[in-house]
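Undergrad: After the structure tokens below, expect a handful of questions from me.
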Amino acid sequence: MRVAILSQNSKLYSTARLVEALEIRKHKARVINPLRCYMDVTSTKPEIHYRGEEVLRNFDAVIPRIGASITFYGLAVLRQLELMGLHSLNSSDGFARARDKLHSLQLLSKSNIGLPTTAFARAADDIDDIIKIVGGPPLIVKLIEGTQGKGVVLAETTKAAASVIQAFQELDANILVQEFIKEAAGADLRCFVVGNQVVAAMQRKAREGEFRANLHRGATASIAELTEEEQNTAVQAAKIMGLGVAGVDILRSSRGPLVLEINASPGLEGIEKTTGVDVAGKIVEYLEKKVIRREHKGQKNQKASA
Ligand code: ADP
Ligand code: MG
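Here the sequence shown stands for residues 1186 to 1491, numbered as in this note's numbering.
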């Protein structure tokens, strides 16, 4: 296969590992910075230009590693590559859904997947009601498009909750208000889903005095043994989002596993170093199957129309 990896930096651990895993399996890998791509979106033959010189053709597949700060442009590039006939490891649609925590929860809520009770509001008049919906304090307020725990606040009293919600609203930020899952005790599970299985899982534990289990916030990671229910929850959640590869974050609660968020471009460093699993290799093997199946279908269709 010839695979384009959409990534801003080939030196990033995840990007470098994917290149390595592709090359070990005799595939061609090329790292493409999505911000350096530009495209003629009106052409009947969709194309994309890179660094002024070259038209990206003859790729079979694309692995999107689009950072949160460039979601809008990165997704536009990914859609264009899909229009050109490349198979994307995660489709642009699935990717876009996962970037929006509210949309993700709405999709998941239609299934029987466990979720923390969550409310969403825009108007300041509704704050008291919102606090009631999620069962009162302590509660969590979080930015819809936050990452690395940055926009996640724990409010322990109604007063604190109301002022945090108000502050976010005055900044015009879109927020979710969520039941605080105390039993999780500052830990969460990162379940790395590839296709129909969880290929690796780790537990992240917040450091002393912190409730957020983000590695960027100093949390520590260890290998996690998942129950069957947890595995099924993670695989189902990724499927509902339309993602072949996903990092599904789960909280262990007294009413079973609750899905917190789903990452369409999950990092490889933490999970590989913690579990020792060759996750990059699993991703490439999954992509191989998808691309080969697509080629077979294409050939069949050609024969049928011949
Ligand atoms: P981010 O995208 O910034 O990582 P998350 O929703 O994953 O945002 O929240 C960051 C961390 O905060 C989680 O990993 C978890 O440890 C903690 N957390 C978030 N929501 C809750 C909740 N409702 N109850 C308990 N802990 C939570
Ligand atoms: Mg998170």
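A virtual CB, placed ideally from N, CA and C, is assigned to each residue, including glycine.
On the DSSP bridge list, what partners appear for A1449?
TA: None; A1449 has no bridge partner.
Undergrad: Based on Cα-Cα distance, which residue from Y1471, P1442, T1256 lies nearest to V1384?
TA: V1384 has its Cα closest to that of Y1471, out of Y1471, P1442, T1256.
Undergrad: Would you be able to state if there are at least three C-beta pairs under 8 Å between the segment 1326-1340 and the segment 1281-1294?
TA: Short answer: they touch.
Undergrad: So who's on the other strand from G1432, going by DSSP bridges?
TA: DSSP lists F1377, N1448 as partners of G1432.
Undergrad: Smallest Cα separation from I1435: which of G1427, K1390, K1475, S1277?
TA: Of G1427, K1390, K1475, S1277, the residue nearest in Cα terms is K1390.
Undergrad: Can R1250 and T1200 be called in contact, C-beta distance under 8 Å?
TA: Yes, Cβ-Cβ distance for R1250 and T1200 is below 8 Å.
Undergrad: Are the segment 1348-1363 and the segment 1297-1314 touching, with three or more C-beta to C-beta distances below 8 Å?
TA: At 8 Å Cβ cutoff, the stretches touch.
Undergrad: Can you tell me where the alpha helix (DSSP H) with H1288 in it begins and where it stops?
TA: Segment 1286-1294, the alpha helix (DSSP H) holding H1288.
Undergrad: F1353 lies in the alpha helix (DSSP H); which residues open and close that run?
TA: Here the alpha helix (DSSP H) through F1353 covers 1343-1355.
Undergrad: Between the segment 1306-1313 and the segment 1343-1356, are three or more C-beta pairs nearer than 8 Å?
TA: At 8 Å Cβ cutoff, the stretches touch.
Undergrad: So T1459 packs on I1408, CB below 8 Å; how close in whole Å?
TA: With a Cβ gap of about 6 Å, T1459 and I1408 count as contacting.
Undergrad: Hey, out of S1348, V1378, G1279, V1326, whose CA is closest to L1453's CA?
TA: Considering only alpha carbons, the answer is V1378.
Undergrad: If you check the beta carbons only, do V1262 and P1219 fall under 8 Å apart?
TA: Yes, the Cβ-Cβ distance between V1262 and P1219 is below 8 Å.
Undergrad: Using a threshold of 8 Å, state whether the C-beta atoms of V1430 and A1419 are closer than that.
TA: No, the pair does not count as a contact, with Cβ atoms beyond the cut-off.
Undergrad: For K1482 and N1381, what's the separation of their Cα atoms in angstroms?
TA: Each residue's alpha carbon lies about 21 Å from the other.
Undergrad: CA-CA distance, K1213 and I1315?
TA: If you take the alpha carbons of K1213 and I1315, they lie about 51 Å apart.
Undergrad: Are there 16 or more other CB atoms within 10 angstroms of the CB of R1392, so buried, or fewer, so exposed?
TA: Exposed, by the Cβ-count rule.
Undergrad: Could you say which of L1324, N1297, I1190 lies nearest to G1215 if we only look at CA atoms?
TA: Inspection of the sequence shows that residue 1215 is occupied by Arg rather than by Gly. Of the candidates L1324, N1297, I1190, the one whose C-alpha sits nearest the C-alpha of R1215 is I1190.
Undergrad: Is D1285 near the ligand MG - that is, is its Cβ less than 7 Å away from at least one heavy atom of it?
TA: The answer is no for D1285.
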